[in-house]
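Student:
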Amino acid sequence: MEKRVTVIGGGFAGVEAAKQLSARGIGVKLYEMKPVRFSPAHKSKLLCELVCSNSFKAERTASAAGLLKAEMALFGSVCVQNAKLHSVPAGGALAVDRDAFSAAVTAGIEADPLIEVIREEVTAIPRNEVVIVAAGPLASDALSEDITRLCGDRLSFFDAAAPIVTAGSVDMTRAFCQSRYEKGGDDYINCPMNKAEYEAFYEALINAESAVLHDFEKNGEIYEGCMPIEVMAKRGENTIRFGPMKPVGLVDPATGHRPWAVLQLRKENRAGTMYNLVGFQTNLKFGEQKRVFSMIPALNDAEFVRYGVMHRNSFLHSPGLLTPAFSMRRYENIFFAGQITGVEGYMESAAAGILAGVNAARLLDGKPPLVLPQTTMMGALSRYIADETVRDFQPMGAAMGLLPPPETRIRDKQQRYAALAERALADLEAALRENKEWKEHDGITGT
Ligand SMILES: Cc1cc2nc3c(=O)[nH]c(=O)nc-3n(C[C@H](O)[C@H](O)[C@H](O)COP(=O)(O)OP(=O)(O)OC[C@H]3O[C@@H](n4cnc5c(N)ncnc54)[C@H](O)[C@@H]3O)c2cc1C
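Counting along the sequence shown from 1, when you hit position 315 you're at 1543 in the working numbering, and nothing is skipped either side.
Rendered as structure tokens:
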């Protein structure tokens, strides 16, 4: 095969993929439809545009977002480098001057002799060359149709995600494992409530504040078949008690009776480190989710890995479709990267672009794919999107709950996170050395 790769989309994932390829001597045709065509959220003609917040979240390495950026820096990430160069003061977060950031990334890409930027909308994915589709959560309609032709009925157009909590933070003295009517073993953790607890929870739920939707998200389609728990609750005091919180078929061993209402938690990943709140897809503000859902006794001290969201977001049902190297299982020459793979967030999308770029280069060089260890944030995210045991796949951002717990139990959260980060960076370096992808970086200049 000719050593050239087509990258579709010049956002976070696309520019990172292009840079990883050019750093390995591979030519890139980078297609970006702006300024010929704009998605409803994109406004600037620059590459790598921040469509909303100007923050890349926490900077300290002992946090999920900080660890992700530290790992990306080891690949010479253009987004991390330019974010550091164009940061604005934001407490412990890495926030940027958005125009300066995007302008610097664009200039770096346009000056790269191996990258040709073509300002055109791609409407069909080339099937017989190495290609990376990084068209983002608002991929154009024509391209989305072709993705559906290629991937079958696996492209969703909106999120309807329920929150996820870490397994270790559920108070098991106030919960019990059981499946309804004892069918299916101990697959579910049940969080029971008595009548008084339910009534207080119900009042809080129907009065909690919702997140604001963008104009292009305000159509009924978002809620079709996937009603937010707070909307369902407003239909009547018992509606959710006959719906997602129904207690039938369950007996609380603590009382010997059926509870008044029950929230069920279901395993989110193969490792069983995370559980989702079954049927609790929600559009409440994040702070409200923490306040209201923590009123369920077993979740009093729950650690939320992901909050529920509902917004316009094109993403693939990647498990079973993509490998953890971001290529299609069926066609090794077709890669996807960025938010469209089911990772969530600017830097997560950029990280997916890095791995897709590295792996497209390795394919052309006749090398096996690079799949990073589960103990690294980049490895955990890429394995998550390809994890076929995930039942109700929804987008996922960096979270410490994705990583296997430390070998010895560490109670203090900050110390635990620091240990996880140290292990992740050591394991990443070892994996890169073993796969001959290690390069010395100073964290700024990169590849
Ligand atoms: C409204 C909204 C708000 C968001 N807010 C945040 C936030 O505050 N923080 C956060 O971390 N994440 C946020 N996200 C998620 C954010 O979009 C992603 O984190 C990130 O931009 C995704 O990177 P990407 O490279 O996958 O896609 P993008 O950055 O969107 O890049 C995709 C690029 O592909 C181009 N493109 C699309 N179709 C075609 C085509 N057919 N041919 C050629 N080019 C094409 C687009 O013009 C775009 O430039 C938000 C998303 C949306 C939709």
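Note that CB positions come from ideal geometry on N, CA and C, so glycine has one too.
Which ranges would you report for the alpha helix (DSSP H) in the region 1367 to 1443 if only whole runs of at least 4 residues count?
Tutor: 1369 to 1379, 1423 to 1435
Student: Confirm the yes/no value for this check: CB of Gln1509, any heavy atom of ligand 1, distance under 7 angstroms.
Tutor: The residue you call residue 1509 lines up with position 281 of the sequence shown. It does not: the Cβ of Gln1509 is nowhere closer than 7 angstroms to a heavy atom of ligand 1.
Student: Quick check for students: name the residue ranges of the beta strand (DSSP E) that lie wholly in the region 1552 to 1608, counting only runs of 3 or more.
Tutor: 1562 to 1564
Student: Could you name the residues of the same chain whose beta carbon sits closer than 7 angstroms to that of Gly1320, not counting the 5 residues immediately before and after it, in chain order?
Tutor: Against the sequence shown, residue 1320 aligns to sequence position 92. The residues are Ala1286, Glu1287, Arg1288.
Student: Specify the secondary structure class of Arg1273 as computed by DSSP and reduced to three states.
Tutor: Position 45 of the sequence shown, counting from 1, holds the residue named residue 1273. Sequence inspection shows Lys at residue 1273; the Arg mentioned does not correspond to that position. Under the three-state reduction of DSSP output, Lys1273 falls in the coil class, being neither helix nor strand.
Student: Looking at ligand 1, does it come within less than 7 angstroms of Tyr1535, judged from the CB to the closest heavy atom?
Tutor: By one-based count along the sequence shown, residue 1535 stands at place 307. For ligand 1, not one heavy atom lies less than 7 angstroms from the Cβ of Tyr1535.
Student: Tell me whether Ala1483 is buried or exposed, calling it buried when 16 or more other Cβ atoms sit within 10 Å of its Cβ.
Tutor: The residue given as residue 1483 occupies position 255 in the sequence shown. According to the sequence shown, residue 1483 is Thr rather than Ala. With fewer than 16 Cβ atoms within 10 Å of its Cβ, Thr1483 is classed as exposed.
Student: Using 10 angstroms around the beta-carbon of His1545, count the other beta-carbons present and answer buried if the total reaches 16, otherwise exposed.
Tutor: For this step, residue 1545 is matched to residue 317 along the sequence shown. With a threshold of 16 other beta carbon atoms within 10 Å, His1545 meets it and is buried.
Student: Per DSSP, what kind of secondary structure is Thr1234 in: helix, strand or coil?
Tutor: Working through the sequence shown from its first residue, we reach residue 1234 at position 6. In this structure, Thr1234 counts as strand in the three-state DSSP scheme.
Student: In three-state terms, what does DSSP make of Met1261?
Tutor: Translated into positions along the sequence shown, residue 1261 becomes position 33. If DSSP states are grouped into helix, strand and coil, Met1261 belongs with coil.
Student: Assuming Gln1492 is part of the beta strand (DSSP E), what are its boundary residues?
Tutor: Along the sequence shown, read from residue 1 onward, the residue named residue 1492 stands at position 264. Start and end: 1489 to 1495.
Student: If I'm right that Ile1236 touches Val1333 with Cβ under 8 angstroms, what's the distance once you round it to whole angstroms?
Tutor: For this step, residue 1236 is matched to residue 8 along the sequence shown. For this step, residue 1333 is matched to residue 105 along the sequence shown. Not quite, the Cβ-Cβ distance comes to about 17 angstroms (not below 8 angstroms), so this is no contact.
Student: Any chance you could list the beta strand (DSSP E) runs of at least 3 consecutive residues sitting entirely within the region 1284 to 1328, in chain order?
Tutor: 1321 to 1324
Student: Using only the heavy atoms of ligand 1, determine whether one of them is closer than 7 angstroms to the beta carbon of Asn1310.
Tutor: As a first step, residue 1310 is located in the sequence shown; it is residue number 82 there, counting from the start. Asn1310: no, Cβ never under 7 angstroms from ligand 1.
Student: Grouping DSSP H, G and I as helix and E and B as strand, with all else coil, what is Ile1346?
Tutor: Taking the sequence shown and counting its residues from 1, one reaches residue 1346 at position 118. Correct three-state label for Ile1346: strand.
Student: With burial defined as no fewer than 16 other Cβ atoms inside 10 Å of the residue's Cβ, what is the status of Leu1313: buried or exposed?
Tutor: Numbered from 1 along the sequence shown, position 85 holds the residue referred to as residue 1313. By the 10 Å Cβ count, Leu1313 comes out exposed.
Student: May I have the straight-line CA-CA distance separating Gly1594 from Pro1354, to the nearest angstrom?
Tutor: In the sequence shown, residue 1594 corresponds to position 366, counting from 1. In the sequence shown, residue 1354 corresponds to position 126, counting from 1. Going by C-alpha positions, Gly1594 is about 21 angstroms away from Pro1354.
Student: Could you please give the first and the last residue of the uninterrupted beta strand (DSSP E) stretch that includes Val1359?
Tutor: Residue numbering aside, residue 1359 sits at position 131 when the sequence shown is read from its first letter. Residues 1359 to 1361.
Student: For Asp1327 and Tyr1259, I'd like the C-alpha separation in whole angstroms.
Tutor: Here residue 1327 corresponds to residue number 99 of the sequence shown, with the count starting at 1. Here residue 1259 corresponds to residue number 31 of the sequence shown, with the count starting at 1. The alpha-carbon separation between Asp1327 and Tyr1259 amounts to approximately 21 angstroms.
Student: For the putative contact between Lys1513 and Ser1610, defined by C-beta atoms under 8 angstroms, what is the C-beta separation to the nearest angstrom?
Tutor: Position 285 of the sequence shown holds residue 1513. Position 382 of the sequence shown holds residue 1610. Lys1513 to Ser1610, Cβ: 30 angstroms. No contact.
Student: Closer than 8 angstroms is the cut-off here; do at least three beta carbon pairs connect the region 1362 to 1378 with the region 1566 to 1576?
Tutor: The region 1362 to 1378 is in contact with the region 1566 to 1576.
Student: If you draw a straight line from the alpha carbon of Leu1295 to that of Tyr1409, how long is it in whole angstroms?
Tutor: For the purposes of this step, residue 1295 is taken as the residue at position 67 of the sequence shown. For the purposes of this step, residue 1409 is taken as the residue at position 181 of the sequence shown. Distance between the alpha carbons of Leu1295 and Tyr1409 is about 43 angstroms.
Student: Based on DSSP bridge pairs, tell me the residues matched to Asp1480.
Tutor: In the sequence shown, the residue the question calls residue 1480 occupies position 252. In the DSSP output, where bridge partners are listed per residue, Asp1480 has His1485.
Student: Kindly examine ligand 1 and report whether one of its heavy atoms sits closer than 7 angstroms to the Cβ of Lys1257.
Tutor: Here residue 1257 corresponds to residue number 29 of the sequence shown, with the count starting at 1. Lys1257 Cβ: outside cutoff for every heavy atom of ligand 1.
Student: If you count every other CB in all the chains shown that lies within 10 Å of the CB of Ile1346, and 16 or more means buried, which is it?
Tutor: Here the question's residue 1346 lines up with position 118 in the sequence shown. Burial call: exposed.
Student: Determine the closest residue to Lys1518 out of Gly1464, Val1533, Gly1507, with distance taken between C-alpha atoms.
Tutor: The residue you call residue 1518 lines up with position 290 of the sequence shown. Lys1518 has its Cα closest to that of Val1533, out of Gly1464, Val1533, Gly1507.
Student: Enumerate in chain order the residues of its own chain whose CB-to-CB distance from Glu1344 is below 8 angstroms, with the five nearest sequence positions on each side excluded.
Tutor: Residue numbering aside, residue 1344 sits at position 116 when the sequence shown is read from its first letter. Counting only Cβ-Cβ distances below 8 angstroms, and skipping sequence neighbours, we find Gly1255, Val1256, Lys1257, Leu1258.
Student: So, at 6 angstroms on beta carbons, what are the nonlocal neighbours of Tyr1451 in its own chain, with the 5 sequence-adjacent residues on each side left out?
Tutor: Here residue 1451 is taken as the residue at index 223 of the sequence shown, counted from 1. With a pLDDT of only 46 at Tyr1451, under 50, the local geometry of the prediction cannot be trusted, and the value read off the model is given with reservation. Around Tyr1451: no qualifying Cβ.
Student: Step through the CB atoms of chain B and report whether any lies within less than 8 angstroms of the CB of Val1235.
Tutor: Included in the structure is just one protein chain, with no chain B present.
Student: So does Thr1349 have its beta carbon nearer than 7 angstroms to some heavy atom of ligand 1?
Tutor: Taking the first residue of the sequence shown as 1, we reach residue 1349 at position 121. In the sequence as displayed, the identity of residue 1349 is Glu instead of Thr. Glu1349 Cβ: within cutoff of ligand 1.
Student: Starting from the Cα of Pro1391, find the closest Cα among Glu1357, Met1628, Ala1251, Thr1510 and give me that residue.
Tutor: The residue you call residue 1391 lines up with position 163 of the sequence shown. Of the candidates Glu1357, Met1628, Ala1251, Thr1510, the one whose C-alpha sits nearest the C-alpha of Pro1391 is Thr1510.
Student: Taking the straight line between their C-alpha atoms, what separation do you get for Asn1663 and Met1473?
Tutor: If you number the sequence shown from 1, residue 1663 lands on position 435. If you number the sequence shown from 1, residue 1473 lands on position 245. Each residue's alpha carbon lies about 48 angstroms from the other.
Student: To the nearest angstrom, report how far apart Ala1403 and Glu1635 are at their CA atoms.
Tutor: By 1-based counting over the sequence shown, the position of residue 1403 is 175. By 1-based counting over the sequence shown, the position of residue 1635 is 407. Going by the C-alpha atoms only, they are around 25 angstroms apart.
Student: Excluding the five sequence neighbours on either side, which residues of its own chain have a C-beta within less than 6 angstroms of the C-beta of Thr1501, listed in chain order?
Tutor: Taking the sequence shown and counting its residues from 1, one reaches residue 1501 at position 273. The residues are Ala1395, Gly1629.
Student: Which residues in the same chain have their Cβ closer than 7 angstroms to the Cβ of Ser1315, if we skip the five residues on either side of it in sequence?
Tutor: Residue numbering aside, residue 1315 sits at position 87 when the sequence shown is read from its first letter. For Ser1315, where only same-chain residues beyond five positions count, the Cβ hits under 7 angstroms are Leu1322, Ala1323, Val1324.
Student: Using only CA atoms, which one of Glu1244, Pro1268, Gly1239 lies nearest to Leu1274?
Tutor: Here residue 1274 is taken as the residue at index 46 of the sequence shown, counted from 1. Among Glu1244, Pro1268, Gly1239, the Cα nearest to that of Leu1274 belongs to Gly1239.
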